[in-house]
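Peer 1: Taken in order, these protein sequences are the chains called D, L and Z.
To convert, take the position in the first sequence, counting from 1, and add 844; that gives this note's numbering.
To convert, take the position in the second sequence, counting from 1, and add 844; that gives this note's numbering.
To convert, take the position in the third sequence, counting from 1, and add 844; that gives this note's numbering.
Provided herewith is a single structure, encoded as structure tokens, for subsequent inquiry.
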Amino acid sequence: MIFSILDILGLIAFAISGALAGIEKKLDFFGVFVIAMVTSIGGGTLRDLLIGNTPVFWLLNLQTFYIVVAATIISIIFRQYLSFLRTSLFLFDTIGIGIFTIIGIEKGLSINFSPIVCILLGTVTACFGGVARDILCNEIPVIFRKEIYATACLMGGFMFFGLKLLHVNDDVIYVGTAGTIILIRILAVRHNWSFPKIEIK
Amino acid sequence: MIFSILDILGLIAFAISGALAGIEKKLDFFGVFVIAMVTSIGGGTLRDLLIGNTPVFWLLNLQTFYIVVAATIISIIFRQYLSFLRTSLFLFDTIGIGIFTIIGIEKGLSINFSPIVCILLGTVTACFGGVARDILCNEIPVIFRKEIYATACLMGGFMFFGLKLLHVNDDVIYVGTAGTIILIRILAVRHNWSFPKIEIK
Amino acid sequence: MIFSILDILGLIAFAISGALAGIEKKLDFFGVFVIAMVTSIGGGTLRDLLIGNTPVFWLLNLQTFYIVVAATIISIIFRQYLSFLRTSLFLFDTIGIGIFTIIGIEKGLSINFSPIVCILLGTVTACFGGVARDILCNEIPVIFRKEIYATACLMGGFMFFGLKLLHVNDDVIYVGTAGTIILIRILAVRHNWSFPKIEIK
């Protein structure tokens, strides 16, 4: 499997978000690394298991492992510059879901799944790493917080197939999809967008 | 894969039980849907992963997805009529494990597993969705509560193979198995049946 | 799959550690058995899923099942003699990770993975059962506690391939690897060895 630039960027973004979450929880180096690893490979691992694409990607070559180790060490060294930990964590997590949604959709397309199944697969790929990170850190999983999260991935997925229908260039589709997801998420958090709770009348 | 009536009934029962759990936790629509989805596909997904039956069933066609969306919307619309939420949740969960035990056993038989392995597989299929629901909702997992839960599935499994030995009709086996499970569970909860705790003398 | 003595020893050690954890949580017999089962098969199951070795090992024959049932019953009967529950739990857990690291590495070698991937796989095999046990028992997962845990497995893994390079006998490699892991872990706990936390300056 040839690692594309997108894969590497997504891995780095999620690894940094995981490392920052571990640092915030005051874990030791090893604990920080485990959280970074689980966050960055969690979504892709669940995706590969669900579609039966085993051995999972990070067992087939060590590039993933080295990228996460490097991202963890860099996060630890520069942690004082990432002083607004929560903001940095949010930013890297958002870049991560933008990229991983695309990767999940492309994986689905490569085995001829229908668009809706591809979008579901992209959303699982994007969201599960962050959910696993939050469960390990004993936080409420991101997808259950008030903010718009998985919905941004779903909307990005529809943008992906919308642009596909228009036969635009793949690079434009990638930028458009990731951009949509990142923009929706930033706007949602900044303006406190949320869905109404289901009240029991 | 042709969806049988049993499959659909089981999915609906678990989707409603998940949706009610989400409504009780005051999640938004999306959160309620995620809990409904995880509850109804959790057991079957773990079963398919364990036996290597991938891509898992709900990626192969969208029927599961539509059924869960419909059951979620119906649960939300009629939530005031389901005012005894806990009781309704218990009832739908119980119907769900009754049906999913049978489906898990049949799946095991279709790949020539021995009866005891089939019963284990049926129990995993039946119980894991509810366990995942409870972990996500931050409740004590059903199988660790005082009540008889997985044991009802195990007993239903023995009933299944007992009836099989008697060469009775498949429909009778299904009704007998699901009936045994539902009856045991209702009696256990009503009469507070439980196993003794292991005390450290 | 032919069960070796190592497999059986590892299963028994983890089953006892899981059963003791369940007894400490005052679960009933069934709950104690479920924790014992999850602890002893958790690591191997995740390993088999990740490498695509399905149906997973414990569905293929019932030996695992019978061993765990027997170990659970024995743990319950002799629980008053295991009065220093925490110490016994630590000991059996430590023997378990020592043995399961070797089994995971051997599994990786049998499908021609590189040494580092084998060591990762061994560590996952050894650690995940205990992590699952702790999540179910609502404890902080072992790998995030102060003590050296996964690191002992990693070091054992390096010892394994170091001895392999010296072309020593397989039995010596096994004893050396498990011994290294068990020794590091006992010394670490006795002398309170730990990695420094990552402080935010």
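A virtual CB, placed ideally from N, CA and C, is assigned to each residue, including glycine.
For a contact defined as C-beta to C-beta under 8 Å, what are the partners of residue 872/D on chain Z?
Peer 2: Near residue 872/D (Cβ distances below 8 Å), the residues of chain Z are 990, 1038, 1039, 1040, 1041 and 1042.
Peer 1: Could you give the DSSP three-state label for residue 951/D: helix, strand or coil?
Peer 2: In the structure shown, residue 951/D sits in a helix (DSSP, three-state: H, G or I).
Peer 1: What's the call for residue 914/L, buried or exposed, on a 16-neighbour Cβ count within 10 Å?
Peer 2: Its Cβ having fewer than 16 others within 10 Å, residue 914/L is exposed.
Peer 1: What does residue 995/Z reach in chain D if we use C-beta pairs closer than 8 Å?
Peer 2: Correct list: 874.
Peer 1: Which residue comes first and which comes last in the alpha helix (DSSP H) that contains residue 1029/D?
Peer 2: It spans 1014–1034 - the alpha helix (DSSP H) in which residue 1029/D sits, taken as one unbroken run.
Peer 1: Mind checking residue 921/D: buried by the 16 CB within 10 Å criterion, or exposed?
Peer 2: With fewer than 16 other Cβ atoms within 10 Å, it is exposed.
Peer 1: Which whole runs of the alpha helix (DSSP H) in the region 899–943 of chain L are 4 residues long or more, in chain order?
Peer 2: Qualifying alpha helix (DSSP H) stretches, in chain order: 901–904 and 907–921.
Peer 1: Which same chain residues end up closer than 7 Å to residue 1026/L when comparing Cβ atoms and leaving out the 5 residues on each side of it in sequence?
Peer 2: Cβ neighbours of residue 1026/L beyond the five flanking positions: 938, 939 and 942.
Peer 1: Which value, in whole angstroms, describes the spacing of the CA atoms of residue 877/Z and residue 917/Z?
Peer 2: The straight-line gap from Cα to Cα measures roughly 9 Å.
Peer 1: Tell me which same chain residues have a C-beta within less than 8 Å of the C-beta of residue 845/Z, skipping the five on either side of it?
Peer 2: Any answer about residue 845/Z is weak, because its pLDDT of 41 lies below 50 and its placement is not dependable; what the coordinates show is given next. The residues are 901, 904 and 905.
Peer 1: For residue 957/D, which residues in chain L fall below 7 Å Cβ to Cβ?
Peer 2: Under the 7 Å cutoff, chain L gives 903.
Peer 1: Just to confirm my understanding: we take residue 849/L, look at its own chain, exclude 5 residues before and 5 after, and list those with CB closer than 7 Å. What are they?
Peer 2: If we look at residue 849/L and ignore the five residues flanking it on each side, it has no Cβ neighbours.
Peer 1: Under three-state DSSP, which class holds residue 1008/L?
Peer 2: In this structure, residue 1008/L counts as helix in the three-state DSSP scheme.
Peer 1: Is it buried or exposed for residue 1023/Z, if we count other Cβ within 10 angstroms and need 16 for buried?
Peer 2: Under this definition residue 1023/Z is an exposed residue.
Peer 1: Using C-beta distances below 6 Å, list every residue in its chain close to residue 1005/L, excluding the 5 sequence neighbours before and after it, in chain order.
Peer 2: Cβ within range, chain order: 959.
Peer 1: Secondary structure at residue 853/Z, three-state DSSP: helix, strand or coil?
Peer 2: The answer is helix: DSSP assigns residue 853/Z an H, G or I state.
Peer 1: Return no unless some Cβ of chain Z is closer than 9 Å to the Cβ of residue 1010/D.
Peer 2: Residue 1010/D does not count as touching chain Z.
Peer 1: How would you list, in chain order, the residues of chain Z whose beta-carbon sits under 9 Å from the beta-carbon of residue 1028/L?
Peer 2: Chain Z residues near residue 1028/L: none, gap ~13 Å exceeds 9 Å.
Peer 1: Compile a chain-ordered list of the residues in the region 888–901 of chain Z whose CB is closer than 9 Å to at least one CB of chain D.
Peer 2: Answer set for the region 888–901 of chain Z: 893, 894, 895, 896, 897 and 898.
Peer 1: Closer than 9 Å by beta-carbon distance: list the chain D residues that pair up with residue 1034/L, in chain order.
Peer 2: Those within 9 Å of residue 1034/L in chain D number zero; the least Cβ separation is about 25 Å.
Peer 1: Would you please state the rounded distance, in angstroms, between the beta carbons of residue 852/D and residue 911/D? I believe it to be under 8 Å.
Peer 2: That pair is a contact at about 6 Å.
Peer 1: Using a Cβ-Cβ distance cut-off of 9 Å, determine whether residue 912/Z contacts chain L.
Peer 2: It does not; no Cβ of chain L falls within 9 Å.
Peer 1: Nearest to residue 1030/D by CA position, among 931/D, 1042/D and 891/D, is which residue?
Peer 2: It is 931/D.
Peer 1: So is residue 1014/L buried or exposed if we call it buried at 16+ other beta carbons inside 10 Å?
Peer 2: Result: exposed.
Peer 1: Identify every residue that forms a DSSP beta bridge with residue 1041/D.
Peer 2: Its beta-bridge partners are 872/L.
Peer 1: Does DSSP put residue 992/Z in a helix, a strand or coil?
Peer 2: Note: residue 992/Z maps to coil in three-state DSSP.
Peer 1: Would residue 969/L pass as a contact of residue 951/L if the rule is Cβ separation under 9 Å?
Peer 2: Contact: yes.
Peer 1: Between residue 858/Z and residue 883/Z, what straight-line distance do the alpha-carbon atoms span, to the nearest angstrom?
Peer 2: Residue 858/Z and residue 883/Z: Cα-Cα distance of roughly 6 Å.
Peer 1: Note down, in chain order, every chain L residue with its Cβ under 7 Å from the Cβ of residue 987/D.
Peer 2: Correct list: 878.
Peer 1: Does the beta carbon of residue 960/D sit closer than 9 Å to a beta carbon anywhere in chain L?
Peer 2: So yes, residue 960/D belongs to the interface.
Peer 1: With residue 974/D as the anchor, note down where its alpha helix (DSSP H) starts and where it stops.
Peer 2: Residues 959–980.
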